[in-house]
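Protein chains in written order, with this note's numbering: chain R, 1400 to 1568; chain W, 7 to 108.
The beta-carbon is built from N, C-alpha and C at its ideal position, and this holds for glycine as well.
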Amino acid sequence: MEEMAKVAFGLYTLIILGGSLLAVGAKSLVRAMVGLIATLLGVAGMYMLLNSTFMALMQILIYVGAVCVLIFFAIMLTKADPEGEEAASAPIYQNVLALLAVLVTGGVLSWLVLTRPLATTGVPVEVSIEKLGLGLLGPYGLAFELISVVLLVSMAGAVLLAWERRNGK
Amino acid sequence: MSPLTLYQLVALILLLAGLFGITQRKTLVGMLICVELMLNGAGLSIVAAAQLTPANAMLGQLGTLFVMGLAAAEATLVLAIIVVIARRFGSTKTSVVSTLKG
């Protein structure tokens, strides 16, 4: 079982790596979206490995099911370039700045992660769905209500922004 | 290397891919895709830290659920903003959308 987990971890890491490379580097936005979906599925697999099945299902349901469809709508509603939206190469200084940001952030954060290992438990703990539901209704009820308010406000704001007024009214 | 470190490194890869993309992409939709990458890295890091340490595992999973909810709200709003910008400027390239008052 130990080896199986390692193989699965490597496989998911490869999926995440390839997917994020495609999402960042693809010339066409639809291909970038396919890369993003692959990455999201890889992360869902990581959640499975971490013994949190509910999170994996929610990842697929919310991200792949809702957010990706929303972004596809965004791509559809904007005018597409026949030769790819990102076909023109970025100016040199922009690439240099992007690389600099990645190197500095990655250097600092990976140094922190690698030099300060935390005490870990060997096996991920399992939280049952009942416990999660009770937590949402009990100690974290306020956060639950607040996130529904945020979703309502953002939905109303989106409708208000995209509302097309008829001429003369 | 402990498993937690490995998971944190994968989350770091997601963050860096998103950061590189958001500074280098030329359309608003491409930048939105990169933001989603970064949020996923944050969620993975939170769940890994909660599941593999003696910390409160339920809190970690609920926190990641809230991150997902916020990502959905953010995607909705950004979609509406992109539609408005596409209607007004005729393009969502960041080089075209450069006037403050139109």
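- W/Thr33 sits in a strand when the DSSP states are folded into three classes.
- Proximity of chain R to W/Thr59 at the Cβ level (cut-off 8 Å) is accounted for by Leu1517, Ala1518, Thr1519, Thr1520, in chain order.
- Of the residues assessed, R/Tyr1492 falls on the exposed side of the cut-off, its CB having fewer than 16 other CB atoms within 10 angstroms.
- Excluding sequence positions up to five before and after W/Cys40, its CB lies within less than 7 Å of the CB of Gly24, Gly27, Ile28, Arg31, all in the same chain and listed in chain order.
- The CB of R/Leu1456 never comes closer than 9 Å to any CB in chain W; the least such distance is about 11 Å.
- Taking the Cβ atoms as the reference, W/Ala55 lies roughly 7 Å from W/Gly66, within the contact range of under 8 Å.
- Annotated three-state conformation of R/Lys1530 is helix, per DSSP.
- The beta-bridge partner set that DSSP reports for R/Lys1426 is empty.
- Within the same chain, and ignoring the five residues on either side of R/Ala1487 in sequence, no residue has its Cβ closer than 7 Å to its Cβ.
- W/Ser51 has a beta carbon lying at 7 Å or more from every beta carbon in chain R.
- For W/Ser104, no CB of chain R lies under 7 Å from its own CB, so it is not counted at the interface with that chain.
- W/Lys99 carries a strand assignment under DSSP once its states are collapsed to helix, strand and coil.
- Straight across, the Cα-Cα distance linking R/Lys1405 with W/Ser8 is about 12 Å.
- Cβ-Cβ distances below 6 Å link R/Ala1455 to Ala1443, Tyr1446, Met1447 in the same chain, with the five nearest sequence neighbours on each side left out; the list follows chain order.
- Contacts between W/Arg31 and chain R, judged by CB atoms closer than 7 Å, involve Glu1485 in chain order.
- No residue range can be given for W/Met7, since it is assigned to no alpha helix (DSSP H) and is classified by DSSP as neither H nor E.
- Rounded to the nearest whole angstrom, the C-alpha separation of R/Ile1474 and W/Thr33 is 10 Å.
- Where R/Ser1553 is concerned, the enclosing alpha helix (DSSP H) starts and stops at 1540-1561.
- For the pair R/Val1549 and W/Thr11, the CB atoms are not nearer than the 7 Å cut-off.
- Three or more Cβ pairs closer than 8 Å define a contact, and the stretch 59-74 of chain W meets that threshold against the stretch 1534-1541 of chain R.
- Sequence-distant partners of W/Leu21 (beyond 5 residues in either direction) whose C-beta falls short of 7 Å from its own C-beta, in its chain, are Met44, Gly47.
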